[in-house]
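Report on the following structure.
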Amino acid sequence: MSYRKRMSMLIVIDMIIIWLSIYSSYFFRFDGNVPSASQTQRLYFGLISIVVCTAIMYSLKLYNRIWQYASVGEMIAIAKAVCAGITLSYLISFMVLDARVPISVFIRTLETMLLFIGGSRFAWRIVRDKYVNKSKSEYKAIIIGAGDCGALIVKELRNHPQLLINPIGFIDDDPHKQHMQVLGLHVLGSRSQIPELVEKHQINEIIIAIPSATKLEISNIIHICKATGAKLKIIPRINDLIEGKVSLNAIRDVEVEDLLGREPVELELELIADYVHEKVVLVTGAGGSIGSELCRQIAPFLPGKLLLLGHGENSIYQINKELANSFPDLSRETIIADVQDRKRMEQIFEQYQPHVVFHAAAHKHVPLMELNPGEAIKNNVFGTKNVAECADQYGSERFVLISSDKAVNPTSIMGTTKRIAEMFIQCLDKQSETIFTAVRFGNVLGSRGSVIPLFKEQIARGGPV
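Counting in this note's numbering, the sequence shown runs from 153 upward without gaps.
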């Protein structure tokens, strides 16, 4: 409904309520037998009240409010407008028209208008909360914390029925809240009863709504909730609550992007569509975090065949299964091989003749490579040399080395080996018909061996990070 139609409808409803309130007040004042003089008085008082009261409510912007979120503040605004409007109408009737409206009529009219104008505004919210927005989902949630924050969460869940989360009740240790109700939901028990309550009510999700709790308290609650098997979520910090940022968008699982102090860089992979479409594409290290993501991003461009090469059989199995589910029509080959094995690399290139090679196979864990420099050199330097020379020998169109920002003025074994690999393909590019390029990755969110998964594990345990 448009703003103008909605405002017009509310004004008409208010006019009808005002007229009926005055009419009924005179009716009851005179026990249904209103004298003719009072009937004229009623007519003038009614017309004046309609004009004055609607004008005051309009000036106070009561017709600009979204009443489906009506609360105590809106009720106070209605009370002020009605009291001011009917009082001013009474005075105008007395002074201008010399019509002395009975005080009992004035009081009854005021009461009736407050009841029905306020009721008309809150009626939609009651219907919406009880029937329209009532979640019929079997996905049940309980809220730990029956305070202001917990009440906000329930309101948000009821305001967003499309989320299909049905709040069942509250958990709170305060003995004064036990067996009480908040927004129509019972306080089911204390935190020690969480496991039995989750089982009894078949709860799917637990939301911790205690923003002022200490880390130790949160840790203890999480420890109790872990045994239930229910999904666990937590509200933001107390600062976010004070700033009014609490919403269902803020109550979610921790994402790795939240731990990055800037927006993550997105690859413009559409630019490579032309040289992977209907081509044979080889991805080395395809089971790794970077290699597997490359496979996911390349697959939608429909290469002629996607070769998934890796040393770890489990990781290759996982990415192949994922691609089979997501892209059932994609032609794929899984290859278990070590890039350090030159003969095996030659055999693969001779058999498949890949047009494009993404070389992501590498040892990248900096501290471990400091302890095992020989392995870093064999895999990152000689492994790259083997794959790059095979690409040149068997006429691949492009070779892309997935390098690291640690190759810039390297201070570690891993960074040094990556820099050597870059220098090697730069030299090879000058004498080969294959196009050799290197792409340096910095913070790859969620990659294995990085600090981000460690942060997530620590957060899941309740800290410290």
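Here a beta-carbon is modelled for each residue, glycine too, at the ideal position from N, C-alpha and C.
- Item | Extent of the continuous beta strand (DSSP E) to which residue 558 belongs | For this step, residue 558 is matched to residue 406 along the sequence shown. Residue 558 -> no beta strand (DSSP E), and no H or E assigned at all.
- Kindly give me the distance between the Cβ atoms of residue 169 and residue 272, rounded to whole angstroms, as I take these residues to be in contact under 8 Å. Working through the sequence shown from its first residue, we reach residue 169 at position 17. Working through the sequence shown from its first residue, we reach residue 272 at position 120. The pair is a contact, with the Cβ atoms about 7 Å apart (cut-off 8 Å).
- Query: Is DSSP giving residue 170 helix, strand or coil here?
  - Reply: Here residue 170 is taken as the residue at index 18 of the sequence shown, counted from 1. It is helical.
- Proximity to residue 513 [Cα-Cα], best of 442, 454 and 196: On the sequence shown, residue 513 is found 361 positions in, with the first residue counted as 1. Comparing Cα-Cα distances from residue 513 to each of 442, 454 and 196, the minimum goes to 442.
- If you draw a straight line from the C-alpha of residue 539 to the C-alpha of residue 508, how long is it? Taking the first residue of the sequence shown as position 1, residue 539 is located at position 387. Taking the first residue of the sequence shown as position 1, residue 508 is located at position 356. Taking the straight line joining both Cα atoms gives about 12 Å.
- Query: Where does residue 100 fall in DSSP's three states?
  - Reply: Missing from the structure shown is residue 100; the chain here goes from 153 to 617 and no further.
- Message: Do residue 482 and residue 438 count as a contact pair if the criterion is CB distance below 8 Å?
- Response: Residue numbering aside, residue 438 sits at position 286 when the sequence shown is read from its first letter. Residue numbering aside, residue 482 sits at position 330 when the sequence shown is read from its first letter. Going by C-beta atoms, residue 438 is not nearer than 8 Å to residue 482.
- State whether the stretch 354-364 contacts the stretch 372-382, with contact taken as three or more CB pairs (one from each stretch) at a distance under 8 Å. yes
- Query: Smallest Cα separation from residue 546: which of 559, 386, 352 and 505?
  - Reply: Numbered from 1 along the sequence shown, position 394 holds the residue referred to as residue 546. Closest by alpha carbon: 505.
- Item | Nearest-angstrom Cα separation, counted from residue 491 out to residue 497 | Here residue 497 refers to the residue found at position 345 when the sequence shown is read from its first residue. Here residue 491 refers to the residue found at position 339 when the sequence shown is read from its first residue. One C-alpha to the other measures close to 7 Å.
- Item | Host alpha helix (DSSP H) of residue 315 (start-end) | The residue you call residue 315 lines up with position 163 of the sequence shown. No alpha helix (DSSP H) holds residue 315; DSSP gives it neither H nor E.
- Item | Euclidean distance between Cα positions of residue 449 and residue 554 | Here residue 449 refers to the residue found at position 297 of the sequence shown. Here residue 554 refers to the residue found at position 402 of the sequence shown. About 15 Å.
- Contacting residues, own chain, Cβ-Cβ under 7 Å from residue 176 (five flanking each side not counted): Along the sequence shown, one-based indexing puts residue 176 at 24. Here the set comprises 264.
- Message: Check for me: the alpha helix (DSSP H) holding residue 495 runs from which residue to which?
- Response: On the sequence shown, residue 495 is found 343 positions in, with the first residue counted as 1. It spans 494-504 - the alpha helix (DSSP H) in which residue 495 sits, taken as one unbroken run.
- Task: Sort 331, 456 and 351 by Cα distance to residue 342 and report the nearest one.
- Result: The sequence position of residue 342 within the sequence shown is 190, counting from 1. Per the Cα distances, 331.
- Task: Within its chain, find whatever has a CB closer than 7 Å to the CB of residue 242; leave out the 5 residues flanking it on each side and keep chain order.
- Result: Taking the first residue of the sequence shown as 1, we reach residue 242 at position 90. Answer for residue 242: 253 and 258, listed in chain order.
- To which residues does DSSP link residue 293 through a beta bridge? Here residue 293 corresponds to residue number 141 of the sequence shown, with the count starting at 1. Paired residues: 319 and 357.
- On the three-pair Cβ rule with 8 Å, is the stretch 517-525 touching the stretch 470-477? no
- Message: In this structure, how does DSSP classify residue 454 when only helix, strand and coil are distinguished?
- Response: What you label residue 454 is simply residue 302 of the sequence shown in a count that begins at 1. It is coil, neither helix nor strand.
- Mapping DSSP to helix, strand and coil, what is residue 592? Along the sequence shown, one-based indexing puts residue 592 at 440. Here residue 592 sits in strand by DSSP.
- Residue nearest to residue 164 in terms of C-alpha spacing, selected from 194, 188 and 210: For the purposes of this step, residue 164 is taken as residue 12 along the sequence shown, with counting starting at 1. Closest by alpha carbon: 210.
- Task: Would you list the one or two residues that DSSP bridges to residue 553?
- Result: In the sequence shown, the residue the question calls residue 553 occupies position 401. Note: residue 553 sits in a beta bridge opposite 511 and 590.
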